[in-house]
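Chemist:
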Amino acid sequence: MTTQTCLSESAIVTRDKRSYWTFTGGAFAHATTMMIRHKRIVLAALVTLAPVIIPLLLPLLTKSEFSEDGIKIFKFLMEQIYLKAMAPLLALFFGCMLIGEDIEQQTIPYIVTRPIPRSALVLGRFGAYVFMSAVILLTSVVLTFAACTAVGKLEFCRETIVLLAHYAGVGVASLLGYGALTTFLGAISRKPIIIGVLFMFGWQRLATIVPGAVDFLTIEKYLNALLPAMATERQNTVVKLALIEFQKKQLIIDASKAGLSLLIIVAALIVATCLVIRYREYSQSRTAAG
Amino acid sequence: MEATIIEARGLSKWFGEIMAVNNLEVAIGAGVTGLLGPNGAGKTTFIRLALGLYGPSRGYIHLFGQPPRNNLDVLNRIGYCPEIDRFYENMSGFEFVRWMNRLSGMDNKTAKRRAEEACELVKMTARMRDPIDTYSRGMRQRIKVAQALANDPDLLFLDEPMSGLDPEAREDIFSLIRHLGEAGRTVIFSTHVLHEVERVTSNVLLLHNGCILAQGDIRQIRGLIDEHPHAITVTCGDPHGLSQQFISDDATLSLEFSEGAVTLRTRDPNTAYQHLNELILNGAFAIEAMTCPDDNLQSVFEYLIK
Amino acid sequence: MPIYYRTYRSFEGDVRKRLRWWEVLKQEFRILIKNRTFLVLMILGSLHVLARVLQVVLMSMVASNPNNQVGQMLKSMASLEVFSVNPTMFFNFLRIQSPVMFLTLLMAGSGMICDDFRNNLMEVFFSKPLNWLDYVLGKLVTLIIVGLGLTAVPAIFLLVLHNILTPSLETLGNTYWLPWPIVLFSLALVIPAALCVLASSSILGSQRYASIGLFMVLLGDLMLGRILPDLLHEPNYSVVAFPLAINRIGEVLFDQRRPMFELSWQWSALFLAVVCALAAWLVCTKIQQAEVAD
Numbered sequence: 001m002t003t004q005t006c007l008s009e010s011a012i013v014t015r016d017k018r019s020y021w022t023f024t025g026g027a028f029a030h031a032t033t034m035m036i037r038h039k040r041i042v043l044a045a046l047v048t049l050a051p052v053i054i055p056l057l058l059p060l061l062t063k064s065e066f067s068e069d070g071i072k073i074f075k076f077l078m079e080q081i082y083l084k085a086m087a088p089l090l091a092l093f094f095g096c097m098l099i100g101e102d103i104e105q106q107t108i109p110y111i112v113t114r115p116i117p118r119s120a121l122v123l124g125r126f127g128a129y130v131f132m133s134a135v136i137l138l139t140s141v142v143l144t145f146a147a148c149t150a151v152g153k154l155e156f157c158r159e160t161i162v163l164l165a166h167y168a169g170v171g172v173a174s175l176l177g178y179g180a181l182t183t184f185l186g187a188i189s190r191k192p193i194i195i196g197v198l199f200m201f202g203w204q205r206l207a208t209i210v211p212g213a214v215d216f217l218t219i220e221k222y223l224n225a226l227l228p229a230m231a232t233e234r235q236n237t238v239v240k241l242a243l244i245e246f247q248k249k250q251l252i253i254d255a256s257k258a259g260l261s262l263l264i265i266v267a268a269l270i271v272a273t274c275l276v277i278r279y280r281e282y283s284q285s286r287t288a289a290g
Numbered sequence: 001m002e003a004t005i006i007e008a009r010g011l012s013k014w015f016g017e018i019m020a021v022n023n024l025e026v027a028i029g030a031g032v033t034g035l036l037g038p039n040g041a042g043k044t045t046f047i048r049l050a051l052g053l054y055g056p057s058r059g060y061i062h063l064f065g066q067p068p069r070n071n072l073d074v075l076n077r078i079g080y081c082p083e084i085d086r087f088y089e090n091m092s093g094f095e096f097v098r099w100m101n102r103l104s105g106m107d108n109k110t111a112k113r114r115a116e117e118a119c120e121l122v123k124m125t126a127r128m129r130d131p132i133d134t135y136s137r138g139m140r141q142r143i144k145v146a147q148a149l150a151n152d153p154d155l156l157f158l159d160e161p162m163s164g165l166d167p168e169a170r171e172d173i174f175s176l177i178r179h180l181g182e183a184g185r186t187v188i189f190s191t192h193v194l195h196e197v198e199r200v201t202s203n204v205l206l207l208h209n210g211c212i213l214a215q216g217d218i219r220q221i222r223g224l225i226d227e228h229p230h231a232i233t234v235t236c237g238d239p240h241g242l243s244q245q246f247i248s249d250d251a252t253l254s255l256e257f258s259e260g261a262v263t264l265r266t267r268d269p270n271t272a273y274q275h276l277n278e279l280i281l282n283g284a285f286a287i288e289a290m291t292c293p294d295d296n297l298q299s300v301f302e303y304l305i306k
Numbered sequence: 001m002p003i004y005y006r007t008y009r010s011f012e013g014d015v016r017k018r019l020r021w022w023e024v025l026k027q028e029f030r031i032l033i034k035n036r037t038f039l040v041l042m043i044l045g046s047l048h049v050l051a052r053v054l055q056v057v058l059m060s061m062v063a064s065n066p067n068n069q070v071g072q073m074l075k076s077m078a079s080l081e082v083f084s085v086n087p088t089m090f091f092n093f094l095r096i097q098s099p100v101m102f103l104t105l106l107m108a109g110s111g112m113i114c115d116d117f118r119n120n121l122m123e124v125f126f127s128k129p130l131n132w133l134d135y136v137l138g139k140l141v142t143l144i145i146v147g148l149g150l151t152a153v154p155a156i157f158l159l160v161l162h163n164i165l166t167p168s169l170e171t172l173g174n175t176y177w178l179p180w181p182i183v184l185f186s187l188a189l190v191i192p193a194a195l196c197v198l199a200s201s202s203i204l205g206s207q208r209y210a211s212i213g214l215f216m217v218l219l220g221d222l223m224l225g226r227i228l229p230d231l232l233h234e235p236n237y238s239v240v241a242f243p244l245a246i247n248r249i250g251e252v253l254f255d256q257r258r259p260m261f262e263l264s265w266q267w268s269a270l271f272l273a274v275v276c277a278l279a280a281w282l283v284c285t286k287i288q289q290a291e292v293a294d
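Top to bottom, those sequences are chains A, B and C.
Numbering of the first sequence is given in the working numbering, commencing with residue 1 and proceeding in unit increments.
Numbering of the second sequence is given in the working numbering, commencing with residue 1 and proceeding in unit increments.
Numbering of the third sequence is given in the working numbering, commencing with residue 1 and proceeding in unit increments.
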């Protein structure tokens with residue numbers, strides 16, 4: 001039996017230095033395709049799009065003498081839902097699985113035996129996460145804005161469009177910040193979702209209550225500083241707990257410093273993820289989960 | 001091409017208190033080498049150390065003269081077919097190989113072409129567009145081999161490649177491995193089924209409890225085991241009469257009789273064979289058949305691991 | 001026993017008639033007990049219990065020795081409503097315990113079904129003398145026991161402790177009715193959580209996605225229940241948030257005088273019943289599909 005054992009001469013690619021960006025592009029394309037293929041992206045999209053019905057329902061449910069100002073509703077939805085809840089959830093949903101899914105389904109040996117620079121792998125996948133989650137989040141944000149202008153009392157003018165763009169930018173910044181954290185957790189931990197939930201919805205809440213500068217150890221602090229000025233005028237927040245109520249003085253950080261700090265945090269977490277993949281030993285028997 | 005492809009000196013790896021690989025000294029050249037051992041011998045750990053998936057606890061291992069861990073130049077020259085039967089979900093075999101090619105740095109067009117060629121090499125062209133979920137075990141194994149070959153590696157690691165395959169598929173893999181070796185590639189394949197190795201190569205590395213028991217040609221290893229008696233079974237008309245010819249030899253350890261045959265155990269097989277040849281030529285005992293039941297890897301291995 | 005041409009089919013011998021799901025339950029507990037994260041979460045849940053034990057002990061010291069040094073010191077604390085041992089305390093205990101309980105159930109149960117699918121264990125299960133109901137009951141009862149172990153069991157323990165430590169029988173007269181609300185409210189917290197965790201595990205193919213998917217739906221719902229009342233200035237819209245709807249049932253059971261919203265508890269009960277029915281339907285449908293047919 002004759003067997004072709006070599007690939008054709010014309011097909012043999014000389015193993016010269018392949019471009020770093022080819023590797024990154026390959027990782028990006030692979031991760032994006034995997035995300036799109038899975039039906040669970042439908043769940044993520046549906047949950048993220050759910051807030052759009054709020055401005056649509058409000059006119060039906062509101063008693064006219066108590067109806068809220070359209071801009072207040074929009075601001076409320078952006079800050080309370082999209083930035084405080086949806087962005088962290090999308091980061092948990094997609095970010096934890098960027099590296100973690102390969103570990104869980106034991107396809108990691110295929111990846112780490114490929115001649116792909118670890119940084120290219122991480123950057124490519126991270127880019128895919130930012131792209132996919134930004135598409136989902138920003139679609140929902142824009143639809144919410146459209147709903148607020150169409151049936152709510154939000155005026156469609158230059159100021160509101162600028163406001164929309166501002167919130168969209170902060171939304172992407174929050175995806176970057178939370179995504180870098182969850183990507184790192186997915187690479188280093190076997191229970192990234194639990195740790196992520198405890199950090200985002202436990203520690204970040206607790207840090208806003210504890211007096212002092214503890215809240216600088218959160219991502220939310222820097223994102224809040226990027227919000228439109230009207231949102232950060234409050235310097236003394238009233239903290240309501242189950243048992244007591246008190247006022248806490250907030251230490252304000254400048255928007256540009258906050259943006260820079262966020263970039264540094266994202267870069268540090270991405271570098272840390274690259275180092276983890278580089279130096280971690282992935283055993284077949286030890287799969288991560290949860 | 002370098003003379004020594006894989007070199008390990010004092011290579012040890014432990015996981016907690018478990019010593020998986022124990023002070024290995026190995027030099028493997030080009031061609032096909034079988035990595036043998038029972039379950040838990042350290043075969044997969046050795047392969048993973050060679051691929052850089054693990055870092056050694058002590059000593060070193062070099063591929064093409066360089067350490068493999070996080071070394072992109074080395075990884076560019078190797079292919080790996082893992083033992084695990086896992087793939088990305090919702091993919092066809094072709095897509096899987098193509099994406100692995102993309103992650104190896106190929107552009108889209110090259111990745112597609114190389115994936116098609118690799119699938120053709122492992123005879124999966126007809127089914128390569130079907131979802132992997134619909135494949136039999138043998139097809140999945142072939143796709144794994146295809147993704148290992150697509151980058152045209154100089155060194156190929158196959159971890160239990162025959163696992164779960166039917167005889168026809170095994171034959172195809174045997175043939176592929178043989179031809180890869182003949183084409184000048186270095187192939188390391190691990191198995192715990194000893195007769196598989198003998199089908200493909202005579203060059204073996206035997207591991208047991210993380211240590212090397214033996215390395216080299218099967219027959220040379222066998223020959224070196226002087227203390228282990230060599231068994232020869234002779235079928236003839238007069239087994240008792242034949243046994244008289246050997247009973248006085250110092251090298252003869254034992255004679256066992258079965259129906260129409262005698263099994264001679266001797267420390268000096270060469271002299272015994274010479275004597276038997278003379279007896280055949282004389283026609284004195286009507287010798288019908290002569291076999292060597294332990295001139296194979298199984299007996300070598302069983303002896304070594306005792 | 002016949003071996004079918006594709007794979008091994010159902011057991012045809014004499015089967016145990018009752019409590020077959022008990023074997024599934026035992027197996028799940030064997031797995032859980034070896035899981036470090038599960039044990040850590042159970043310990044975390046116990047910290048609140050310890051704090052409440054301390055509260056009960058201190059308050060009973062006040063009650064039994066109001067005039068000694070410690071009693072005097074604690075009397076000022078005891079005068080605060082928040083430290084009193086009363087039905088509100090038990091209601092708050094269960095309410096505050098519910099997030100830890102939910103997280104523990106999520107950790108324990110999100111892989112229960114999807115991992116069985118992933119590792120081809122369905123054929124193994126259904127080649128034993130088990131049917132789909134035994135499988136589902138075994139998994140569900142495991143989670144319910146874990147949940148009640150963090151809610152009803154410590155609450156009943158606190159109640160018993162309170163009655164043992166306080167000197168007068170008046171306490172018993174005031175608290176004899178509490179076990180009923182404690183158990184009912186705990187079941188209202190645990191059963192929907194367990195069913196939703198199993199439903200999410202049966203729909204989504206990975207433990208991670210099952211846990212984060214359910215968490216997303218829950219958080220989204222909670223946000224909605226917090227935002228609508230604020231925007232519409234109508235507290236009754238809080239019922240949209242499932243945890244707050246269950247809380248309403250607890251407020252009624254524990255006879256709380258200052259409920260979060262005034263909407264009738266029947267709406268909350270209806271919401272709870274619909275969620276449980278939907279989750280149960282999802283789980284049962286998935287498992288019935290997986291059961292090997294004759």
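Each residue gets a CB set at the ideal place from its N, CA and C atoms; glycine is no exception.
Since this is a predicted model, take the numbers as computed values, not measurements.
Suppose you measure from the CA of G124/A to the CA of G105/B; what does that come to, to the nearest Å?
Modeler: Cα-Cα distance, rounded: 12 Å.
Chemist: Ignoring anything shorter than 3 residues or poking outside the stretch 149-195 of chain B, list the beta strand (DSSP E) runs there in chain order.
Modeler: Whole beta strand (DSSP E) segments, 3+ residues: 155-159 and 186-191.
Chemist: On the premise that L35/B lies in contact with L207/B, defined as a C-beta separation below 8 Å, what is that separation, rounded to the nearest angstrom?
Modeler: With 8 Å as the limit, L207/B and L35/B qualify as a contact, their Cβ atoms being about 7 Å apart.
Chemist: So, do the stretch 157-173 of chain C and the stretch 197-210 of chain C have three or more beta carbon pairs nearer to each other than 8 Å?
Modeler: No: fewer than three Cβ pairs fall under 8 Å.
Chemist: Return the bridge partner residues of S12/B from the DSSP annotation.
Modeler: Paired residue(s): R58/B.
Chemist: Listed from N- to C-terminal order along the chain, which residues in the stretch 182-203 of chain A have their beta-carbon within a distance smaller than 7 Å of any beta-carbon of chain C?
Modeler: Under the 7 Å Cβ criterion, the stretch 182-203 of chain A contributes K191, I193, I194 and V197.
Chemist: Give a yes or no on whether the minimum CB-CB distance between M216/C and chain A is below 7 Å.
Modeler: So, interface residue.
Chemist: Using the Cβ count rule (16 or more neighbours within 10 Å means buried), how would you classify K26/C?
Modeler: Label assigned to K26/C: exposed.
Chemist: Under 9 Å Cβ-Cβ, which residues of chain C neighbour Q106/A?
Modeler: Result: empty, since nearest Cβ-Cβ is about 11 Å, beyond 9 Å.
Chemist: Of all the residues that make up the stretch 183-217 of chain C, which are near chain A by a beta-carbon distance shorter than 7 Å?
Modeler: Within the stretch 183-217 of chain C, the residues whose Cβ lies closer than 7 Å to some Cβ of chain A are L204, S206, Q207, R208, Y209, S211, I212, G213, F215, M216 and V217, listed in chain order.
Chemist: Which residue wins for smallest C-alpha separation from A269/C, given the options E251/C, T142/C and Q289/C?
Modeler: Here the closest residue by C-alpha is E251/C.
Chemist: So, is I244/A buried or exposed, given that buried needs 16 or more other C-beta atoms within 10 angstroms?
Modeler: Any answer about I244/A is weak, because its pLDDT of 48 lies below 50 and its placement is not dependable; what the coordinates show is given next. Result: exposed.
Chemist: Tell me which residue opens and which closes the beta strand (DSSP E) that L281/B is part of.
Modeler: Unbroken run through L281/B is the alpha helix (DSSP H), P269 to N282; no beta strand (DSSP E).
Chemist: Can you give me the start and stop residues for the beta strand (DSSP E) that M19/B sits inside?
Modeler: Where M19/B is concerned, the enclosing beta strand (DSSP E) stretches over I18 to G29.
Chemist: Pick out whichever of L121/B, N70/B, V234/B and D250/B has its Cα sitting closest to the Cα of V262/B.
Modeler: Measuring from the Cα of V262/B, the nearest candidate turns out to be V234/B.
Chemist: Nearest chain A C-beta to T37/C closer than 7 Å, yes or no?
Modeler: Interface residue, yes.
Chemist: Between R37/A and chain B, is any beta-carbon pair separated by less than 7 Å?
Modeler: Output row for R37/A: interface = yes.
Chemist: Does any C-beta atom of chain A lie closer than 7 Å to the C-beta of G220/C?
Modeler: So yes, G220/C belongs to the interface.
Chemist: By the three-class DSSP mapping on this structure, what secondary structure does I5/B have?
Modeler: Note: I5/B maps to strand in three-state DSSP.
Chemist: Buried or exposed: K34/C, going by 16 or more other Cβ atoms within 10 Å of its Cβ?
Modeler: The residue is exposed, with fewer than 16 neighbouring Cβ atoms inside 10 Å.
Chemist: Leaving out the 5 sequence neighbours to the left and right, which residues in its chain are closer than 6 Å to M19/B when beta-carbon positions are compared?
Modeler: Once the five neighbours on either side are set aside, the close Cβ partners of M19/B are G210.
Chemist: Between L32/C and the rest of its own chain, which residues show a CB-CB distance below 7 Å, the 5 nearest in sequence each way excluded?
Modeler: Closer than 7 Å at the Cβ level, and outside the excluded window around L32/C, lie F38 and A108.
Chemist: Is there contact here, the stretch 167-179 of chain B with the stretch 12-29 of chain B, by at least three beta-carbon pairs under 8 Å?
Modeler: At 8 Å Cβ cutoff, the stretches do not touch.
Chemist: What did DSSP end up calling C292/B once you bin it into helix, strand or coil?
Modeler: C292/B: coil per DSSP, three-state reduction.
Chemist: Go ahead and pull the three-state DSSP assignment for G260/B.
Modeler: Correct three-state label for G260/B: coil.
Chemist: Kindly indicate which three-state DSSP category T266/B falls into: helix, strand or coil?
Modeler: Residue state, collapsed to three classes: strand.
Chemist: According to DSSP, which residues form a beta bridge with G79/B?
Modeler: DSSP, once it has assigned bridges, lists L156/B as partnering G79/B.
Chemist: For A308/B, report the span of its beta strand (DSSP E) as first-last.
Modeler: The structure shown does not extend to residue 308/B, since chain B spans only 1 to 306, so no value can be given for it.
Chemist: Do the stretch 239-257 of chain B and the stretch 275-283 of chain B meet, that is, are 3 or more Cβ pairs less than 8 Å apart?
Modeler: At 8 Å Cβ cutoff, the stretches touch.
Chemist: Pull the bridge partners of P131/B from the DSSP assignment, please.
Modeler: For P131/B, which the question treats as bridged, DSSP gives the partners S92/B.
Chemist: Is the CB of R205/A under 7 Å away from at least one CB in chain C?
Modeler: Chain C, which has no Cβ nearer than 7 Å to the Cβ of R205/A, makes this no.
Chemist: Check whether the Cβ atoms of A286/B and G216/B sit closer than 7 Å, and answer yes or no.
Modeler: No.
Chemist: Run the CB neighbour count on D250/B, radius 10 Å, all protein chains shown included, and call it buried at 16 or more, exposed below.
Modeler: Answer is exposed; the Cβ neighbour count stays below 16.
Chemist: Which whole-angstrom value describes the C-beta separation of L165/C and V56/C, a residue pair presumed to lie in contact below a C-beta threshold of 8 Å?
Modeler: L165/C to V56/C, Cβ: 7 Å. Contact.
Chemist: Among G260/B, Y80/B, E259/B and Y54/B, which one has its Cα closest to the Cα of E160/B?
Modeler: Checked all of G260/B, Y80/B, E259/B and Y54/B; the closest Cα to E160/B is Y80/B.
Chemist: Flag this pair as touching only if the stretch 216-224 of chain A and the stretch 254-263 of chain A have three or more C-beta atom pairs under 8 Å; answer yes or no.
Modeler: Touching, per the Cβ criterion.
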